[in-house]
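Have a look at the structure below before the remarks.
Number of protein chains: 2
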Amino acid sequence: MRRMTARPANAHQARLLQLLRDGGPNSRAQLGDQVDLSRSKLAVEVDRLLETGLVVADGLAASRGGRRSHNIRLNPGLRFLGVDIGATSVDVAVTNAELEILGHINQPMDVREGPVAVFEQVLSMAAKLRASGLAEGFDGAGIGVPGPVRFPEGVPVAPPIMPGWDGFPVREALSQELGCPVMVDNDVNLMALGEQHAGVARTVHDFLVVKIGTGIGCGIVVGGDVYRGTTGSAGDIGHIQAVPDGRPCACGNRGCLEAHFSGAALARDATEAAQQGRSAELAGRLEANGGLSAADVAAAAAAGDATALDLIREGGRSTGQVIAGLVSFFNPGLVVIGGGVTGLGHNLLAAIRTQVYRQSLPLATGNLPIVLGELGPTAGVIGAARLISDHLFSPA
Amino acid sequence: MRRMTARPANAHQARLLQLLRDGGPNSRAQLGDQVDLSRSKLAVEVDRLLETGLVVADGLAASRGGRRSHNIRLNPGLRFLGVDIGATSVDVAVTNAELEILGHINQPMDVREGPVAVFEQVLSMAAKLRASGLAEGFDGAGIGVPGPVRFPEGVPVAPPIMPGWDGFPVREALSQELGCPVMVDNDVNLMALGEQHAGVARTVHDFLVVKIGTGIGCGIVVGGDVYRGTTGSAGDIGHIQAVPDGRPCACGNRGCLEAHFSGAALARDATEAAQQGRSAELAGRLEANGGLSAADVAAAAAAGDATALDLIREGGRSTGQVIAGLVSFFNPGLVVIGGGVTGLGHNLLAAIRTQVYRQSLPLATGNLPIVLGELGPTAGVIGAARLISDHLFSPA
DNA sequence: CGTCTTTGTCCTCTCAGTGGAGAAAGTCGG
DNA sequence: CCGACTTTCTCCACTGAGAGGACAAAGACG
Numbered sequence: 001m002r003r004m005t006a007r008p009a010n011a012h013q014a015r016l017l018q019l020l021r022d023g024g025p026n027s028r029a030q031l032g033d034q035v036d037l038s039r040s041k042l043a044v045e046v047d048r049l050l051e052t053g054l055v056v057a058d059g060l061a062a063s064r065g066g067r068r069s070h071n072i073r074l075n076p077g078l079r080f081l082g083v084d085i086g087a088t089s090v091d092v093a094v095t096n097a098e099l100e101i102l103g104h105i106n107q108p109m110d111v112r113e114g115p116v117a118v119f120e121q122v123l124s125m126a127a128k129l130r131a132s133g134l135a136e137g138f139d140g141a142g143i144g145v146p147g148p149v150r151f152p153e154g155v156p157v158a159p160p161i162m163p164g165w166d167g168f169p170v171r172e173a174l175s176q177e178l179g180c181p182v183m184v185d186n187d188v189n190l191m192a193l194g195e196q197h198a199g200v201a202r203t204v205h206d207f208l209v210v211k212i213g214t215g216i217g218c219g220i221v222v223g224g225d226v227y228r229g230t231t232g233s234a235g236d237i238g239h240i241q242a243v244p245d246g247r248p249c250a251c252g253n254r255g256c257l258e259a260h261f262s263g264a265a266l267a268r269d270a271t272e273a274a275q276q277g278r279s280a281e282l283a284g285r286l287e288a289n290g291g292l293s294a295a296d297v298a299a300a301a302a303a304g305d306a307t308a309l310d311l312i313r314e315g316g317r318s319t320g321q322v323i324a325g326l327v328s329f330f331n332p333g334l335v336v337i338g339g340g341v342t343g344l345g346h347n348l349l350a351a352i353r354t355q356v357y358r359q360s361l362p363l364a365t366g367n368l369p370i371v372l373g374e375l376g377p378t379a380g381v382i383g384a385a386r387l388i389s390d391h392l393f394s395p396a
Numbered sequence: 001m002r003r004m005t006a007r008p009a010n011a012h013q014a015r016l017l018q019l020l021r022d023g024g025p026n027s028r029a030q031l032g033d034q035v036d037l038s039r040s041k042l043a044v045e046v047d048r049l050l051e052t053g054l055v056v057a058d059g060l061a062a063s064r065g066g067r068r069s070h071n072i073r074l075n076p077g078l079r080f081l082g083v084d085i086g087a088t089s090v091d092v093a094v095t096n097a098e099l100e101i102l103g104h105i106n107q108p109m110d111v112r113e114g115p116v117a118v119f120e121q122v123l124s125m126a127a128k129l130r131a132s133g134l135a136e137g138f139d140g141a142g143i144g145v146p147g148p149v150r151f152p153e154g155v156p157v158a159p160p161i162m163p164g165w166d167g168f169p170v171r172e173a174l175s176q177e178l179g180c181p182v183m184v185d186n187d188v189n190l191m192a193l194g195e196q197h198a199g200v201a202r203t204v205h206d207f208l209v210v211k212i213g214t215g216i217g218c219g220i221v222v223g224g225d226v227y228r229g230t231t232g233s234a235g236d237i238g239h240i241q242a243v244p245d246g247r248p249c250a251c252g253n254r255g256c257l258e259a260h261f262s263g264a265a266l267a268r269d270a271t272e273a274a275q276q277g278r279s280a281e282l283a284g285r286l287e288a289n290g291g292l293s294a295a296d297v298a299a300a301a302a303a304g305d306a307t308a309l310d311l312i313r314e315g316g317r318s319t320g321q322v323i324a325g326l327v328s329f330f331n332p333g334l335v336v337i338g339g340g341v342t343g344l345g346h347n348l349l350a351a352i353r354t355q356v357y358r359q360s361l362p363l364a365t366g367n368l369p370i371v372l373g374e375l376g377p378t379a380g381v382i383g384a385a386r387l388i389s390d391h392l393f394s395p396a
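Chains as they are written, first to last, in the working numbering: chain A, 1 to 396; chain B, 1 to 396.
Put into C-alpha cells, the structure is as follows:
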C-alpha cells in the first residue's frame, strides 16, 4: 500500500486522531461528546480526515435505540515501527495506528559495535517483520537509544556506554533507510511514554520511571509530557552518589548508584560472592553457565539463597536512597520501577519502598504508589510507537 | 480610586497586558510586532482594554520618522501587594502594574505565632504603605509562606516549621481583609518567579532556585512555569540526606541537608566552635551580641577567620553534594543560589560550584551557570506581585 | 512644498464555527 | 403492521473573529 503522507491539518483533526488512537473506533456522535465541537463542524473535520485516508469508515455499529452509527477508525493499514536499542539487546516491533503490537522480535546485540552495525541488524529485523506479512511498509518509526539525545535533531550526544554513536544522525539515517518519518529519544523516556500510554501511568500527570537495566536511568513526566532537560540528559541518575566513598565508577567518581546497583554491578557482585564461597547456590550457577547475570541472582533468591537476597536488598537500599531524594525534590504522583532487573521483583520493590518511605517526608510519600512497570519488555517499543504517533498526529 | 475589576476577555488581551507589564509602554505598532495579529484586530483589542481602564493612552511618543505614536501603558494607578513571609521576618512591598517596587518594608516576626498574629502585622504594614501615599488600595496581592501550599486553594499543608498554619485558609482570609484577589504560594517558588521576572533567570526556561535561609528549599521552573508537584511539596530538598549517619534532624532522620547547613545550623555550629575555643573571632562576636547568626559567620570569614571559612566551605560542600544530584536528575539551564545565607557570598558559591562540577556529568554541567540571585531580599515580593499579576492578566 | 515614512483607522471579505431544522434509520409498544 | 419516540447524521443560514488593503493623519527631510 502507499504510505501515509497526510498529516492533520489543524488541532481539531489532531485531537480526533489521538482520540481514535487511544479509544479505538468511535461514531461521530461519540467523538462529538469528547471534543467540544458542534456536530456540524465535527462532521466537516471527520470528512476531511476520511478524504486524506488517515481514517476510514467501515460498517455500522449496533443500534443503541435509534439510527445506527458509522464506525470511524484509524486506517487499519497504518503501520508504525518501534525500536528499542538497549546495551545488550534490541527490540523491534510493528504496531498498528492504535499502537497495538502486531509483531515483536528481540535479539541480542552490542551497542558498542556502533551505529552502522546496529542499524544493519535493526533493518534486517524490520525486514523480517515485514516479510511475515505484518506490514508492507512503515508510516513512521520511533527509536530509543541508551543514552542522552538532542531531541529536536534526533542525535545522541556524548553517550557514555555507546561512544561510537556520539553525533551520529540517527534520525536522518533511519528516515532515509525506512523512507518514513522517524523520531529518536532516550530509551528511558520511551519506557515512560509506554507506561503512560498503556501501562500503570495512564491516569497520572507527574511521575517518574526508574529503569534498572545494564545501567540506571530515570524518565521524568511533567504535566503529561516527557521532560528532557536543557541538554537532553535529564533523568541521568546513574551517577548520583548513593554511597559516599563507595565503589569506584567508570565516570571517575566513587559511590555512583550505577557502580553499586545495576544489571552489570549485580552480576559482578554475585560472581564475587560465588568465588568467595559465600553462596553455594550462586557458585553452582556460575559453574553451570560460565557466568552470572541478574537473572541468576533472581533465581537464586527465589530458591531461598540468603546471599542473593542480601545483594538484592542492598541494591534496593541504594536505589531507594537515591529515589527518596528524587521524591522529596520532585513530589511525583507515581514511581514506576522497570527494566531488565525487574525480574528481581518484589524483593527489590520492598527494599526500595522501605527506604523511600523512611527517608522522604510524609507529605510527599503519603499517597505515593511505588510499583513495577506493567508492560515489561514491550514498554520501550510501545513508547517508541507512541513517540512517532504523537509527532504524526499533531498539526503539520 | 476604584479598584480594578476588569479582567482580560480573551487570550489576546491577556498577552497584550503581559507585554505591557514586561516591556513597559508601547505603541500599537510596537505591540503589533510582538503579537502576530493584524493591525486592525490589534486596534480592536487595545480599544477594548482602554474601555475597561486596564490600560491607558497617555500622550504621544517622539516621532521616528513619521507620524507620532500613542503611548499605550498599563493603568499607572494599579497597585499590587507583595508579601513574603519568612521564618523570622516579613517583607511587604507595593508595586505598580509593571511590578516595579514603589515601597518596601521588612520587619522581624516569628511565623510560629500563627496566622492570626502574623496577618495582623502584615495588614498593619500594608496600611503603613498605603498611608504613605503609595496606594489607595490594592488590585491584587501575592503572598509567600515558608512551607508547602495546596496551590489551587491557597492553603498551607502540613508545614513543618509553621504548624499552626496547617489548613488555614490564607487566600480566602487575606482576600477578605484586603478586598482584592489573592494568590498564595511557597516562598521559594516566589523567589524563582522573582528571579525569572526581573533577575538572573530572565532568559532561561528550565532552572532551579536554591534558597538557603532558616531552612533550605528549591524552586523548580519547567518550561517557564513553576512546577509544584503532586501535593505542592516539590522542591522540599531540606530533608534529602546529605551526610549518611550525619547529624540528627528534627524530622526524625539523620544527615538531612537542613541539619548540616542552613541559617539555623550554621548559627549552631558557629556557637559551638566559639564555645570550644576554635575561633577567637567568633567567640568575640558571641560575647558582643549574646548570640551568633549566619551574618556573624560571614563577617568573621570576611575578616579572615579560618574556622568561619571552614564552616562555610563545609556547608557549601553538603549543599553542593545535594545540588549535584539534582543537576544530574533535572539537567537545568541555570542554578540560582539565594536566601538569607547569600551574605556568605562567593566563598559559599565557590564551594557549591566545586562540588557540583566534580560530581555531575559533563553533559549536564558543561554549560551550567551557578550564580547568586540578583534581587536579594526583593526577589520574594517581586515574585509575589508577579504571581498575582499572572493570575489577573490571564483570561477570566 | 512635495515626497517619503510611520502610525493609526475604516471597510470589505473570508472562513471557522454554531445551532436549528429535518432527513435517515433504527427501537418498541400496542 | 403502524405510529410514537430515539439516535445519528446532514444541510443551511447566521455570527463573529480576524486578515488585508485602502486611506487618512502626522511628521521628517531635502
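Think of the CB as a built atom: it goes at the ideal place given N, C-alpha and C, for glycine as much as any other residue. Note that this is a predicted model, so its numbers are computed, not measured.
Fill in: Neighbour flag for Cys218 (chain A) against chain B, beta carbons, 8 Å
yes
Worksheet item: Helix, strand or coil: which one does DSSP assign to Ile240 (chain A)?
Response: coil
Item to complete: Name, going along the chain, the residues of the stretch 330-353 of chain A whose beta-carbon falls closer than 8 Å to a beta-carbon of chain B.
Response: Phe330, Asn331, Pro332, Gly333
Fill in: Identity of the residue in A:Val111, A:Ile212, A:Glu172 nearest Met191 (chain A) by Cα
A:Ile212
Worksheet entry | Asn71 (chain A) vs Ala93 (chain A) beta-carbon contact at 8 Å | no
Item to complete: Give a yes or no on whether the C-beta atoms belonging to Ala308 (chain A) and Leu99 (chain A) are separated by under 8 Å.
Response: no
Practice prompt. Measure from the alpha carbon of Pro163 (chain A) to the alpha carbon of each residue in A:Glu113, A:Ala62, A:Leu54, then state which is nearest.
Written response: A:Glu113
Fill in: Inter-residue spacing [alpha-carbon to alpha-carbon] between Arg268 (chain B) and Ala299 (chain A)
51 Å
Item to complete: In the DSSP assignment, find the beta strand (DSSP E) that holds Gln107 (chain B) and state where it starts and stops.
Response: 101-108
Worksheet item: Going by the CB atoms, is the gap between Gly340 (chain A) and Asp206 (chain B) shorter than 8 Å?
Response: no
Worksheet item: With respect to the alpha helix (DSSP H) encompassing Arg73 (chain B), which residues constitute its N-terminal and C-terminal limits?
Response: That residue, Arg73 (chain B), is in no alpha helix (DSSP H); its beta strand (DSSP E) goes 70-74.
Worksheet item: Is the CB of Leu326 (chain B) under 8 Å away from at least one CB in chain A?
Response: yes
Worksheet entry | Cβ shell of Gly142 (chain B) (< 6 Å), same chain only, five flanking positions each side left out | Gly82, Met183, Ala384, Ala385, Leu387, Ile388
Practice prompt. Can you have a look at Asp296 (chain B) and say buried or exposed, based on whether 16 or more other CB atoms are within 10 angstroms of its CB?
Written response: buried
Practice prompt. Assign Asn347 (chain B) to one of three DSSP states: helix, strand, or coil.
Written response: helix
Worksheet entry | Ala126 (chain A) versus Trp165 (chain A) - alpha carbon distance | 21 Å
Fill in: Proximal chain B residues relative to Ile237 (chain A), where beta-carbon distance stays under 9 Å
Gly325, Ser328, Phe329
Worksheet item: Since Gly229 (chain B) meets chain A, which of its residues come closer than 8 Å, beta carbon to beta carbon?
Response: Asp206, Phe330, Asn331, Pro332, Ala364
Worksheet item: Asn253 (chain A) touches chain B at which residues, Cβ-Cβ below 8 Å?
Response: Arg358, Gln359
Worksheet item: Whose Cβ in chain B lies nearer than 7 Å to the Cβ of Pro262 (chain A)?
Response: For the sequence presented, residue 262 (chain A) should be read as Ser rather than Pro. Within chain B, no residue comes near Ser262 (chain A); the closest Cβ sits about 15 Å away, beyond 7 Å.
Worksheet item: Who are the near neighbours of Phe330 (chain B) in its chain, counting only those whose CB is closer than 8 Å to its CB and skipping five residues on each side?
Response: Asp206, Leu208, Ile220
Fill in: Assigned exposure category for Asn289 (chain A) - 16 Cβ within 10 Å defines buried
exposed
Worksheet entry | CA nearest to the CA of Ala351 (chain B), picked from B:Arg313, B:Gly366, B:Gly345 | B:Arg313
Worksheet item: Taking the alpha-carbon positions, what's the Leu20 (chain B) to Leu74 (chain B) distance?
Response: 6 Å
Worksheet item: Using a C-beta to C-beta distance shorter than 9 Å, which residues of chain B count as neighbours of Gln13 (chain A)?
Response: Under the 9 Å cutoff, chain B gives no residues; its nearest Cβ is about 21 Å from Gln13 (chain A).
Worksheet item: Under a CB-based cut-off of 8 Å, is Val200 (chain B) close to chain A?
Response: no
Item to complete: For Ala303 (chain B), I'd like the list of residues in its chain whose CB is within less than 8 Å of its CB, leaving aside the five on either flank, ordered along the chain.
Response: Glu281
Fill in: Where Asp236 (chain A) falls, given that 16 or more other Cβ within 10 Å makes a residue buried
buried
Worksheet entry | Alpha-carbon to alpha-carbon, Pro115 (chain A) and Asn189 (chain A) | 20 Å
Item to complete: Could you tell me which chain A residues have their CB closer than 9 Å to the CB of Ser233 (chain B), listed as they occur along the chain?
Response: Ser328, Asn331, Leu361, Leu363, Ala364
Worksheet item: Taking Cβ to Cβ, would you say Gln18 (chain B) is nearer than 8 Å to Phe393 (chain B)?
Response: yes
Worksheet item: Who are the near neighbours of Ala135 (chain A) in its chain, counting only those whose CB is closer than 6 Å to its CB and skipping five residues on each side?
Response: Arg79, Val94
Item to complete: Leaving out five residues on either side along the sequence, give the residues of the same chain with a beta carbon under 6 Å from the beta carbon of Gly140 (chain B).
Response: Phe80, Cys180, Pro181, Ile388, Leu392
Worksheet item: What is the residue span of the alpha helix (DSSP H) that Ala384 (chain B) lies within?
Response: 379-392
Discussion item. Distance cutoff 8 Å, beta carbons only. Does Ile240 (chain B) sit that close to anything in chain A?
Written reply: yes
Discussion item. Can you tell me where the alpha helix (DSSP H) holding Asp296 (chain A) begins and where it ends?
Written reply: 294-302
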